[in-house]
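Residue numbers (the numbering used here), protein chains in the order written: chain F, 1 to 247; chain D, 1001 to 1114.
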């Protein structure tokens, strides 16, 4: 009698393997605040839960979903708005890889060093999860599909802000700034594929209005807070070093 | 593409949603409609993945929104019939911290009635 070997499901190669702590092969970022952290999703976030869906139709462009997603993966950083940086891992956007990034978590001069883990990638979509310390506890899925004769590109976020401070900034305008980030990204992608005047549609749903107060303590790991404190105390540190050198 | 069908089975202490086929972003209406068929007063919903053939990241996103709906209704979400592969995915995505995973239906129903 021979034991039957179960056939692996067809999504087996698309998913990352579970990891307890993150590590990355990405380089170039000013700081790595990701190594040693865990991934988080909307379940582990603090703020209200939003589902944001941004789409752009590639009218008149001869590009199937697979070629669009391949193009997006290969040149992912180039579509981000100016000022945001994405440092891809050595093997690119592949399941299990961790990228580093530098973005402004809120309007102003504070830059946040953080990252994302690629938890899923197939020929027509890929998904990121954020690490502890990121402003958002989120899943971000990027995909392309066919609607009749037209390829439609989509970015969808399922997110909560990670902690109360970021939630406050969301209420004060960071939520809208985050929307603009993805709208601009999709418009840049569409332009790169030949769409002259891309029209990005946004659909936002507050899936859960409640805040998860048990995750209040996420603020301790906030990369944005660490960067803000570092920026604010920089003059005092400089003065201290300057005086020490003089003495 | 095989699509999704879901049997809704009221049990003693929970409602079981037996999923056949695949769970993707396109399964939203099917999954939410099946959830909506749970009898009033259902305290626990058991997702039976024994016949799950495929789940992509869009499908996992649906599980999160279903989890939120269940939590808002004061219900617990449980899962059975997960292969090792799909157990790993729930671990990877840390959904296993919010969805109770059990080996089989009797274990899940016992947990639901506890």
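We treat Cβ as the ideally placed atom computed from N, Cα and C, and that holds for glycine.
Where the alpha helix (DSSP H) containing residue 19(F) begins and where it ends: Unbroken run through residue 19(F): none, as it is neither H nor E.
CB contact below 8 Å: residue 1097(D) versus chain F: With 8 Å as the cut-off, residue 1097(D) counts as an interface residue toward chain F.
Endpoints, alpha helix (DSSP H) assigned at residue 1035(D): 1028-1036
Rounded distance between the beta-carbons of residue 114(F) and residue 127(F), thought under 8 Å: In fact, because the Cβ distance is near 17 Å, the residues do not count as touching under 8 Å.
Which listed residue (242(F), 160(F), 152(F) and 15(F)) has its alpha carbon closest to that of residue 213(F): 160(F)
Where residue 132(F) falls, given that 16 or more other Cβ within 10 Å makes a residue buried: buried
Proximal residues, the stretch 1012-1046 of chain D versus chain F, C-beta separation under 7 Å: none
Environment of residue 242(F) [buried if 16+ CB atoms lie within 10 Å]: exposed
Minimum Cβ-Cβ distance from residue 170(F) to chain D less than 8 Å: no
Inter-residue Cα distance where the pair is residue 144(F) and residue 36(F): 33 Å
C-beta contact flag for residue 1023(D) and residue 1004(D) at 8 Å: Their beta carbons are under 8 Å apart, which means residue 1023(D) touches residue 1004(D) by this criterion.
Start-end ranges of the beta strand (DSSP E) lying completely within the stretch 13-80 of chain F, minimum 3 residues: 49-57
Residues of its chain near residue 205(F), where Cβ-Cβ distance is below 6 Å and the 5 sequence neighbours each way are ignored: 51
Per-residue contacts from residue 120(F) into chain D (C-beta, under 7 Å): The CB of residue 120(F) comes closer than 7 Å to the CB of 1056 and 1057 in chain D, given here in chain order.
Cβ-based neighbour list, residue 88(F), same chain, cut-off 7 Å, excluding 5 preceding and 5 following: Around residue 88(F): 26, 76, 77 and 99.
Residue 134(F) classed as buried or exposed, judged by whether at least 16 other C-beta atoms fall within 10 angstroms: buried
Residues near residue 121(F) in its chain [Cβ-Cβ closer than 8 Å; skip 5 each side]: 14, 73, 93, 94, 95 and 127
Where residue 125(F) meets chain D, residues with beta-carbon distance less than 8 Å: 1056, 1057 and 1058
DSSP state of residue 1048(D) mapped onto helix, strand, coil: strand
Buried or exposed by the 16-neighbour rule on C-beta atoms within 10 Å, applied to residue 66(F): exposed
C-beta neighbour in chain D for residue 12(F), strict 8 Å: yes
Cβ of residue 1075(D) within 8 Å of any chain F Cβ: no
Nearest-angstrom beta carbon gap, residue 1112(D) and residue 1078(D) [assumed within contact, 8 Å]: At roughly 6 Å, the Cβ-Cβ gap stays under 8 Å, so residue 1078(D) and residue 1112(D) are in contact.
Opposing strand residues paired with residue 139(F) [DSSP bridges]: 129(F) and 158(F)
Counted within 10 angstroms of its Cβ, other Cβ atoms place residue 137(F) as buried (16 or more) or exposed: buried
Residue 69(F) and residue 124(F) closer than 8 Å at C-beta: yes
Contacts that residue 41(F) makes with chain D (C-beta to C-beta distance below 8 Å): 1064, 1093, 1094 and 1095
DSSP beta-bridge partners of residue 86(F): 101(F)
Inter-residue spacing [alpha-carbon to alpha-carbon] between residue 112(F) and residue 1049(D): Distance between residue 112(F) and residue 1049(D), taken at the CA atoms: about 40 Å.
C-beta neighbour in chain F for residue 1102(D), strict 8 Å: no
Contact list for residue 1068(D) against chain F, beta-carbon separation under 7 Å: 49, 207 and 208
Contact the stretch 1038-1046 of chain D vs the stretch 1008-1023 of chain D: 3+ CB pairs below 8 Å: Between the stretch 1038-1046 of chain D and the stretch 1008-1023 of chain D there are three or more C-beta pairs closer than 8 Å, enough to call the two in contact.
Whether residue 1064(D) touches residue 42(F) by CB criterion (8 Å): Taking 8 Å as the Cβ cut-off, residue 1064(D) and residue 42(F) qualify as a contacting pair.
Limits of the beta strand (DSSP E) - the one that residue 1022(D) falls within: 1015-1023
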